[in-house]
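Line by line, the protein sequences are chains L and C. For the first sequence, counting from 1, position 454 maps to 454 in this note's numbering; every step adds exactly one. For the second sequence, counting from 1, position 45 maps to 1045 in this note's numbering; every step adds exactly one. Glycine included, every Cβ here is placed at the ideal spot set by N, Cα and C. Worksheet: the structure to be examined is printed underneath.
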Amino acid sequence: MQLTLWTYEGPPHVGAMRIATSMEGVHYVLHAPQGDTYADLLFTMIERRDRRPPVTYTTFQARDLGGDTAELVKTAVREAYERFSPQAMLVGESCTAELIQDQPGSLAQGMSLPVPIVPLELPAYSKKENWGASETFYHLVRALLLPSAPPAGTPRAPRDLSRRPRANLLGPTLLGFRCRDDVKEVARLLGELGVDVHVVAPLHATPDALRRIPEADFNVSLYPEISDTTARWLQKTFGMPIVKTVPIGIGATRDFIREVGTVAGLDVTPFLEREKLGTATMDASQSLLPWYSRSVDATYLTGKRVYIFGDATHVRCAARIAAEELGFTVVGIGTYSREFAKDIREVAARYGVEPLISDDYLDVEQAVGEAAPELVLGTQMERHIAKRLGIPCAVISTPIHVQDVPARYSPQMGFEGANVIFDTWVHPLMMGLEEHLLQMFREDFEFADGATPSHLHASPAKSEATPAPASVAVAEPVARPAPVRPSRELAPEVAEPSIEIPVIARPQVTTAVAPASAPAAAAVSATATVAAWSAGAEAELKKIPFFVRGKAKRNTEKYAAEHGLTEISVETLYDAKAHFGR
Amino acid sequence: MTTPTAPLLADGCAVDAAPRGTLPVLKERGQREVFCGLTGIVWLHRKMQDAFFMVVGSRTCAHLVQSAAGVMIFAEPRFGTAILGDRDLAGLADANDELDKCVRQLLARRPDIETLFLVGSCPSEVIKLDLSRAAERLNAEFFPRVRILNYSGSGIETTFTQGEDTCLKSLVPHMPAAPADERSVLVVGTLADVVEDQFVRLFDAMGVGPVRFFPSRRSRDLPPIGPGTRLLLAQPFVNETVRALQARGATLLTAPYPLGVAGTTQWLAAAAAEWNVPAEHFKQVIQPAADRARKAIDRYRARLDGKTLFLLPDSQLEIPLARFLHQECGMRLVEVGTPYLDRLLVQAELALLPGDVQLSEGQHLDRQLDRVRAARPDLTLCGLGLANPLEAEGLRTKWSIELVFSPIQGFDQAGDLAELFARPLERAERLTV
Ligand code: SF4
Ligand code: SF4
């Protein structure tokens, strides 16, 4: 049993729903109680889907339990088949039905319907959404392709050289991160390289399209969390090579092109040579990211402290972009994708930080607070963490909310994806000269702590009650579960001031609780071991802009501790500044 | 089963012509597209500011509450889920010990919590994890600092708003006894604070009182209950709570729900009659607000008048809403669906519905949607999962869940309520794309 306030992933049957809903001609019968129908709104509201998910729920009730719940399954399967005439059906159960063990998959298989029935067994008490999606995709592909699989060990016939190489794009789904646009962007890029996209799956694919997967020459595993298992099975069974590089970022896109060249037997050097790596000119790349990043106005991005959390794929790519393409400093990295923890540990080692492998939102919040970043790249959860801490944030990964499904074209992959990333990550940060002015004239009342970048009119107003990085940073790492969570636990719940497009309207049954100013004070007193701040030093500290104050405070205290000082004076503050640098 | 329905037919539907009053009811059984009772946490945790709701369930339950709560992400929510894992099911870990551990962990971190609800889910009920015994055990450890209660929000036992009913019912045994000679009004069902205040002003002016509300803003300040307590229902889904309150001596005042001018007037009148408020005085007190409300409704009446409305079963508010929209806004009712029909709670409402109205109870989603498509109503009240798909079929919709979350009761909200229904129609008129 694990106490959870927010979850990054839904249960595994929601992953199965993502596969079914992404596809055409597939219907999913889910043995589940009525409340589980909530999952429909993930698609119709967050993705603004214009159709109901192709899912029939048995919605059994307590009074059915003594009776024949198996009959309910059969009725649901029969009615769904007759009404929707799917080309293939998935049949499975959610957490509650798993306990009553009706085996809906076998029941449906016993009904001799004239379409493939794919039974799904997704253990709800140990697995989660992405795993469920991956398994569902794999079982569906396997069920449809196994009949046409060549005997084991059959070598793959060489490509017919009279046609262009063909690739399948595997992994894009609904409720994924920008999948719709990534598919377009990657298809365009492959087209320029001379590769045709054969099947895209599961997004918009039919069961018949899945049967055509082996006609392509190789698979691109675009979203390994979803497609890795399937791509590996196709490699083993049909000898289809896998392109594994996920083309998010300039470097990764170049690597992707190179890998496609190798796998498809194409000479991609002329294409890559048009990419003038390391050149500070406007036409250095198809993307503007390299030039924008070298443009002098971007100097202020140097060493910006960034914390990255999300699914493994997006985190890994984001870390590389942050460090190598924007010149940030990665101060923390983590993922909730336990299945890919190894990858993230490797990335973390490269940047010299401790990886956080956790799906506990409170762990992440604490880690972000302690790292005192200037930018958070995360999921919609981290957006809320960052908002509370007063740190700019950009969303890079699922779980998403409705505003992460933009109307405009905004891929993450390929050269256009790099443009989108430059804009979305840099936008929340202070503009260059503006930041200088803040440093110079920090006592100007308009530059007071609540000031936000002048171009970010919608930023939340900060008050003393909003735990700013300063008050968070003083909390020394504490072992969990510890009662010491100073910045937050004493804080009254503060409703967010801005209403994002609501999936459900905010309840108006209570008035918002007025913020109190307890947390900052509580935070300071919670760290009894640090040297005391003299009044003068504290006043001086306040002159430091809020977005770097946390770091300054922490560094000073660290410096004082290392030098055995019991009191921090103005001198200590500047000694520490000289010691640590900016 | 807490749903007080007559046994349903095994499959499909049938018209129940039994002695159920004059209105025939189409009873259906099949896929139900409605949340489970856990959803009530979304508004109850805002209403009761000192309470924490801990679901004992699965990742699905956690995901449901989180998805239903949408963007309402607060500093730290006053709800969470103790997620059952394989170990708990396999008996490797004693689920009771694990639960106690979760509670201790939570209460250590949240010293501000005074009432903790352990909320049962389908998984906890199917594995027969006894939360009432858990509550007893934990009370021995934490009471009086924290009172620990339990109720069911499971989808196999409760439908959407019924979660509020089971929650309130769990509080009833802890309500103090009112002095036998004290007459008071207890308003049952969550209301927005602003609406409560409006009602208090009206009751004060009539000389009716004391008036108390259940749930109260602080779960520790439970209103007293006794033979002198008169129950006025603010919400049509508090059946079990009402029965528990009756068992403690309270008397139910029968009235329609306080939606619209007529509903609010009769609702207030039910209490006024108990207190023998002279008719003239009653009229004098409500007149300004009632006139204001009529004026506010009038602004939207033209847009709603004669328009057809289909209400899918969701929040239990369907019957009172249909009555208001028909009677005061002139809408024509195609079908009024309700998840379950409890005559005790809606008898005054049913009397006000037109004689030819089609009522339906329960749901067979696909068949009901067929009827929606056949009727092509001007407006359909439905849940979030269905709204966009119906819009895409060229139908205008109104989300039902918004009505549970918004202040819609009383005179001064009557115009807002009409506006909520007029807005989708107005929007359709404005848009050219
Ligand atoms: S229907 Fe049951 S399993 Fe599903 S969310 Fe509700 S309580 Fe949990
Ligand atoms: S201070 Fe104004 S003019 Fe200067 S860089 Fe910033 S936005 Fe541009």
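Next item on the list: Grab the span of the alpha helix (DSSP H) containing L:I257 for me, first residue to last.
Entry: 250-264
Note to self: Checking the sheet assignment: what are the DSSP bridge partners for C:V1211?
What the structure shows: C:V1185
Note to self: Need the endpoints of the alpha helix (DSSP H) that L:S293 sits in, please.
What the structure shows: 289-294
Next item on the list: Ignore the nearest five residues each way along the sequence and tell me which others in L:K558's own chain have a CB closer than 7 Å to its CB.
Entry: none
Margin query: Mapping the DSSP letters down to three states, classify C:F1052 as helix, strand or coil.
Written below: strand
Check: Curious, which full-length beta strand (DSSP E) runs of at least 3 residues does the stretch 86-166 of chain L contain?
Finding: 88-93, 117-119
Check: Near C:A1348, which residues of its chain fall below 8 Å by C-beta distance, leaving aside the five closest residues on each side in sequence?
Finding: T1254, A1255, P1256, Q1266
Next item on the list: Please state whether DSSP places L:D196 in a helix, a strand or coil.
Entry: strand
Next item on the list: Please state whether DSSP places L:G171 in a helix, a strand or coil.
Entry: coil
Next item on the list: Compute the Euclidean distance between the alpha carbons of L:I46 and L:S569, then round it to the nearest angstrom.
Entry: 52 Å
Next item on the list: Spell out a yes or no on whether the stretch 1273-1290 of chain C and the stretch 1358-1373 of chain C are touching, meaning 3 or more CB-CB pairs, one atom from each, closer than 8 Å.
Entry: no
Notebook entry, point to check: For L:M23, which three-state DSSP category applies?
Noted result: coil
Check: Taking the Cβ atom as the reference point for each residue, do L:L120 and L:G105 lie within a distance shorter than 8 Å?
Finding: yes
Next item on the list: Work out the CA separation of L:N219 and L:R142 for me, nearest whole Å.
Entry: 15 Å
Next item on the list: State the DSSP-derived secondary structure class of C:L1333, mapped to helix, strand or coil.
Entry: strand
Item checked: Under 8 Å from the C-beta of C:G1080: neighbouring residues of chain L -> L3, T4, L5
Checklist line | Short-range partners of chain L found in the stretch 1135-1169 of chain C, where Cβ spacing is below 9 Å | finding: G1153, S1154, G1155, I1156, E1157, T1158, T1159, F1160
Notebook entry, point to check: Is L:S85 near ligand 1, going by C-beta to nearest heavy atom under 7 Å?
Noted result: no
Item checked: Terminal residues of the alpha helix (DSSP H) in which L:Y361 lies -> 361-371
Notebook entry, point to check: Hey, is L:A407's beta-carbon within less than 8 Å of any beta-carbon in chain C?
Noted result: no
Check: Which value, in whole angstroms, describes the spacing of the CA atoms of C:G1306 and L:G414?
Finding: 54 Å
Check: Along chain C, which residues have their Cβ under 9 Å away from the Cβ of L:T44?
Finding: L1384, G1385, L1386, A1387, N1388, P1389
Checklist line | Start and end residues, alpha helix (DSSP H) containing L:K542 | finding: 535-542
Check: With contact counted as at least three CB pairs below 8 Å, one residue from each stretch, are the stretch 319-334 of chain L and the stretch 346-356 of chain L in contact?
Finding: yes
Item checked: Buried or exposed (CB count within 10 angstroms, at least 16 for buried), L:W6 -> buried
Margin query: Is there a Cβ of chain L sitting closer than 8 Å to that of C:A1095, yes or no?
Written below: yes
Next item on the list: Report the residues of the stretch 105-137 of chain L with a CB closer than 8 Å to any CB of chain C, ordered along the chain.
Entry: P123, A124, Y125, S126, K128
Checklist line | Rounded C-alpha distance that separates C:R1434 from C:A1051 | finding: There is simply no residue 1434 of chain C to check, as chain C begins at 1001 and stops at 1433 in what is shown.
Check: Taking 8 Å as the CB-CB limit, is L:T56 close to chain C?
Finding: yes
Note to self: Considering only their Cβ atoms, is the gap separating L:A216 from L:S168 smaller than 8 Å?
What the structure shows: In the sequence under discussion, the amino acid at residue 168 of chain L is Asn, which differs from the Ser named in the question. Going by C-beta atoms, L:N168 is nearer than 8 Å to L:A216.
Item checked: Cβ pair L:P33, L:T69 closer than 8 Å -> no
Checklist line | Which of helix, strand or coil DSSP assigns to L:P411 | finding: coil
Margin query: Rounding to the nearest angstrom, what Cα-Cα distance links L:L140 and L:L90 in this structure?
Written below: 8 Å
Check: By the criterion of Cβ-Cβ separation under 7 Å, what are the contact partners of C:L1084 in chain B?
Finding: Any reference to chain B falls outside this structure, whose protein chains are L and C.
Notebook entry, point to check: Taking Cβ positions only, does C:S1058 come closer than 8 Å to chain L?
Noted result: yes
Note to self: Here's a check: name, in chain order, each residue in its chain whose Cβ is nearer than 8 Å to the Cβ of L:E259, leaving out the five neighbours to either side.
What the structure shows: V243, K244, T245
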